[in-house]
Amino acid sequence: MNKRVSTGPIDLTIPNHVAIVMDGNGRWAQQRFMPRVAGHKKGVDALRRVIKLCSARGVKVLTVFAFSSENWARPADEVAYLMELLTFVLRREVPKMVADGVQLHVVGERAHLSDRIKQALARSEQATAHCERLVLNVCFNYGGRWDMVQAAQQLALANQPITEEALGQKLALAHVPDPDLMIRTGGEQRLSNFLMWQCAYSEMFFSEVLWPDFDAAHFDAALQAYASRERRFGTLPDAVGSTASVAGPSTV
Ligand code: IPE
Ligand code: IPE
Ligand code: MG
Numbered sequence: 024m025n026k027r028v029s030t031g032p033i034d035l036t037i038p039n040h041v042a043i044v045m046d047g048n049g050r051w052a053q054q055r056f057m058p059r060v061a062g063h064k065k066g067v068d069a070l071r072r073v074i075k076l077c078s079a080r081g082v083k084v085l086t087v088f089a090f091s092s093e094n095w096a097r098p099a100d101e102v103a104y105l106m107e108l109l110t111f112v113l114r115r116e117v118p119k120m121v122a123d124g125v126q127l128h129v130v131g132e133r134a135h136l137s138d139r140i141k142q143a144l145a146r147s148e149q150a151t152a153h154c155e156r157l158v159l160n161v162c163f164n165y166g167g168r169w170d171m172v173q174a175a176q177q178l179a180l181a182n183q184p185i186t187e188e189a190l191g192q193k194l195a196l197a198h199v200p201d202p203d204l205m206i207r208t209g210g211e212q213r214l215s216n217f218l219m220w221q222c223a224y225s226e227m228f229f230s231e232v233l234w235p236d237f238d239a240a241h242f243d244a245a246l247q248a249y250a251s252r253e254r255r256f257g258t259l260p261d262a263v264g265s266t267a268s269v270a271g272p273s274t275v
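Following my numbering from start to finish, the sequence shown increments by one per residue and tops out at 275.
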């Protein structure tokens, strides 16, 4: 847990960390005979809504997938729009994030972003670094495979042994615990190279709703589904565990 995030009494039915694949923007626009990018613009409103809901419901960390390593393969004008949208939205939203206590981290490979975007990201992160209510990780030019490779490269360069713990500490989300709940909107049921390491034990919730339409009722439905899940992390349910036989591996 990020030390700067205040922790009050913990309600175990509320996920501490929610991760979202914000999918369906293009289809939302196409259904309205609008250009795909109009869906991305509208998607920002949905993100703003969900940030506020996280704070209101007691979620401490929100991680969203905004641009994947593979999204460079889209038409150049859509890619250019998404690059501009990020800096435009940050310029407009950072003062509001500060007011709402949102600590921003932009997570992903920055090497191939322009200097102007890199500077804008660094400035936005610095401006919100003292905020404590909600950690917002925006995964931009992010891929789970990139993340694991860059972490392993850091360990190799430092001549450090590769252990699960050491690798975890070099991953791009090392400043927060793993997601408890992973939501994907837009009807697809896949990870698309999102947090492949970190979602090892996340509860998954797939929604048919296109991201720009995702509202409080949809978010609460995901929280409700999460609250009804039994997380076992490879163990047995309590009732079964208490009556388990004492047979050990030698008798298997
Ligand atoms: C998700 O919406 C946003 C990004 C990938 C940037 P899409 O643009 O993938 O929308 P659909 O899936 O084509 O509807
Ligand atoms: C995943 O959505 C990436 C983001 C939401 C940013 P995509 O629309 O790129 O995923 P695929 O191509 O359907 O798997
Ligand atoms: Mg999509």
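Every residue gets a Cβ at the ideal spot worked out from N, C-alpha and C, and that includes glycine.
Anyone know if the C-beta pair for residue i and residue j falls short of 8 Å?
i	j	result
histidine 331	aspartate 203	For the chain, the structure presents residues 24 to 275; residue 331 sits outside this window and is missing.
proline 226	arginine 252	The sequence shown places glutamate at residue 226, not proline. Cβ atoms of glutamate 226 and arginine 252: closer than 8 Å.
histidine 63	leucine 108	yes
isoleucine 37	arginine 80	yes
tryptophan 234	aspartate 46	yes
leucine 113	serine 147	yes
valine 232	valine 84	no
methionine 205	alanine 42	yes
Assuming residue i and residue j are in contact, meaning their beta carbons sit under 8 Å apart, how far apart are those beta carbons, in whole angstroms?
i	j	result
alanine 189	leucine 178	6 Å
alanine 145	valine 117	About 12 Å; that fails the 8 Å criterion.
phenylalanine 228	alanine 245	5 Å
valine 102	asparagine 94	7 Å
Suppose the cutoff is 6 Å on Cβ atoms and the five residues either side in sequence are ignored; what does the same chain contact list for residue i look like?
i	result
glycine 131	Cys162, Phe163, Asn164 and Tyr165
leucine 35	none
phenylalanine 237	Ala69 and Thr208
valine 44	Phe88, Arg207 and Phe217
arginine 133	Lys141
tyrosine 224	Phe256
Less than 7 Å between C-beta atoms, sequence neighbours within five positions excluded: which residues of the same chain meet that for residue i?
i	result
threonine 110	Ile140 and Ala143
valine 125	Ile74, Thr151, Cys154, Arg156, Leu157 and Leu159
glutamine 183	Ala189
alanine 278	Because residue 278 is not part of the residues shown, which for the chain are 24 to 275, the question remains open.
glycine 66	Met45, Asn48, Trp234 and Pro235
Given that a residue counts as buried once 16 or more other Cβ atoms are within 10 Å of its Cβ, and exposed if not, what is residue i?
i	result
leucine 136	buried
aspartate 138	exposed
glycine 49	buried
tyrosine 104	buried
aspartate 261	exposed
glycine 210	exposed
threonine 86	buried
tyrosine 249	buried
leucine 76	buried
glycine 257	exposed
alanine 174	buried
Start and end of the beta strand (DSSP E) containing residue i?
i	result
histidine 40	40-44
threonine 151	It is not in any beta strand (DSSP E) - threonine 151 instead sits in the alpha helix (DSSP H) that spans 138-151.
isoleucine 206	204-207
cysteine 162	157-165
alanine 96	Run containing alanine 96: none; DSSP gives neither H nor E here.
glutamate 226	226-229
leucine 190	First-last for leucine 190: 187-193, but that is the alpha helix (DSSP H), not the beta strand (DSSP E).
Determine the extent of the alpha helix (DSSP H) in which residue i is found, giving its start and end residues.
i	result
histidine 128	First-last for histidine 128: 125-130, but that is the beta strand (DSSP E), not the alpha helix (DSSP H).
tyrosine 249	239-250
leucine 134	Reading off the sequence, residue 134 comes out as alanine, not leucine. Looking at the DSSP string, alanine 134 is not in any alpha helix (DSSP H), and its letter there is neither H nor E.
alanine 69	59-80
alanine 89	Segment 84-91 is the beta strand (DSSP E) holding alanine 89; no alpha helix (DSSP H) there.
glutamine 53	48-54
Leaving aside the five residues before and after residue i along the sequence, list all residues of the same chain whose C-beta is less than 8 Å from its C-beta, in chain order.
i	result
methionine 171	Leu190, Leu194, Met219 and Trp220
cysteine 222	Ala42, Asp201, Pro202, Met205 and Leu214
asparagine 55	The identity of residue 55 in the sequence shown is arginine, whereas the question assumes asparagine. Result list for arginine 55: Ala61, in chain order.
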